[in-house]
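Asker: I'd like to ask you about the structure that follows.
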Amino acid sequence: MSSIQVRPATLRDAKAIAQIHAAAAQAAYKGLVPDEQLKAMTSVEKRQAYWREAIEYCEPQVQVAIEGDKIVGFVGYDRSRDEKSRPTTGEIWAIYAAPTHWSQGVGVALWDAARDGLSEEGCTNVTAWVPLRNERALRFHEMAGFKRELSTAKTAVIGGVKIEEVRLKRPLN
């Protein structure tokens, strides 16, 4: 079994994070989103700029999973962005593992780090928005104890693509 370490992201990690984000989105949404739109929404350059800014300003807080000396996943988390959410509600803004490392414990290591970080910030609950057609992500979150809040289903536009999402929630303890 491999040993996954998690540490705070640095600006130097932004390109690797963007590459993982794009590759995981390509793999997860292949066949669910038209190829042309999928290509547009998985631009490494745009994602790299986004993650550099997130890391620089700690919004969200970003941590990376390392195997050996290679980044194999990342998580972004912070307070919930949802209107009317309590200040003690955190949110997993993004959690991705490189497709080559799916089902190898990367997501669990990242979730553990985010849970610890949110607890340190005083959060008592955590949410995540997950596309309804991303069955792998839904299974992962449900195995981590999240429950679907079906009344929250909404349509989000990501890269010009309409995607149905649902919020999942769980207590941090």
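Under this note's numbering, think of the first position of the sequence shown as 1066, with each following residue one higher.
Ideal Cβ placement from N, Cα and C applies to all residues, glycine included.
By how many angstroms is the C-alpha of V1140 removed from the C-alpha of A1034?
Answerer: This structure does not reach residue 1034, given that the chain is present from 1066 up to 1238, and the question cannot be answered.
Asker: First and last residue of the alpha helix (DSSP H) that includes R1232?
Answerer: Position 167 of the sequence shown, counting from 1, holds the residue named residue 1232. Counting along the chain, R1232 falls outside any alpha helix (DSSP H), though it belongs to the beta strand (DSSP E) covering V1226 to P1236.
Asker: Given a cut-off of 8 Å on the beta-carbon distance, is the pair T1154 and T1192 in contact?
Answerer: Numbered from its first residue, the sequence shown carries residue 1154 at position 89. Numbered from its first residue, the sequence shown carries residue 1192 at position 127. It is a contact, given that the beta carbons lie within the stated cut-off.
Asker: Run through the DSSP bridge pairs and tell me what A1193 is partnered with.
Answerer: The residue given as residue 1193 occupies position 128 in the sequence shown. Answer is I1157 and L1233.
Asker: Can you name, in chain order, every residue of its own chain whose Cβ lies under 7 Å from the Cβ of I1157, other than the five neighbours on each side?
Answerer: Numbered from 1 along the sequence shown, position 92 holds the residue referred to as residue 1157. The answer, listed in chain order, is V1140, Y1142, A1179, V1191 and A1193.
Asker: Inspect the beta-carbon positions of I1069 and V1171 and report whether they are closer than 8 Å.
Answerer: Along the sequence shown, one-based indexing puts residue 1069 at 4. Along the sequence shown, one-based indexing puts residue 1171 at 106. A contact, by the Cβ cut-off of 8 Å.
Asker: Sorted by chain position, which residues of the same chain lie with C-beta nearer than 8 Å to L1175's C-beta, five sequence neighbours on each side aside?
Answerer: Residue mapping note: residue 1175 aligns to position 110 of the sequence shown, counting from 1. So the qualifying residues of the chain are V1071, Q1128, A1130, G1138, F1139, V1140, I1160 and A1162.
Asker: Using a threshold of 8 Å, state whether the C-beta atoms of H1206 and L1233 are closer than that.
Answerer: By 1-based counting over the sequence shown, the position of residue 1206 is 141. By 1-based counting over the sequence shown, the position of residue 1233 is 168. Contact: yes.
Asker: Rank D1147, S1145 and L1103 by C-alpha distance to the C-alpha of I1228 and give the top, closest one.
Answerer: Reading the sequence shown from its first residue, position 163 is the one you call residue 1228. Checking every option, the nearest Cα to that of I1228 belongs to L1103.
Asker: Within the same chain, show all residues whose beta-carbon is closer than 7 Å to that of L1203, passing over the 5 residues directly before and after it, in chain order.
Answerer: Your numbering for residue 1203 matches position 138 in the sequence shown. Taken in chain order, the residues that qualify are V1195.
Asker: Going straight from the alpha carbon of K1135 to that of Y1094, what length do you get?
Answerer: As a first step, residue 1135 must be located in the sequence shown, where it is residue number 70. As a first step, residue 1094 must be located in the sequence shown, where it is residue number 29. The alpha-carbon atoms of K1135 and Y1094 are separated by roughly 24 Å.
Asker: Under a Cβ-count criterion, where at least 16 other Cβ atoms within 10 Å of its own Cβ denotes burial, should S1145 be classed as buried or exposed?
Answerer: By one-based count along the sequence shown, residue 1145 stands at place 80. By the neighbour-count rule (16 or more Cβ atoms within 10 Å), S1145 is buried.
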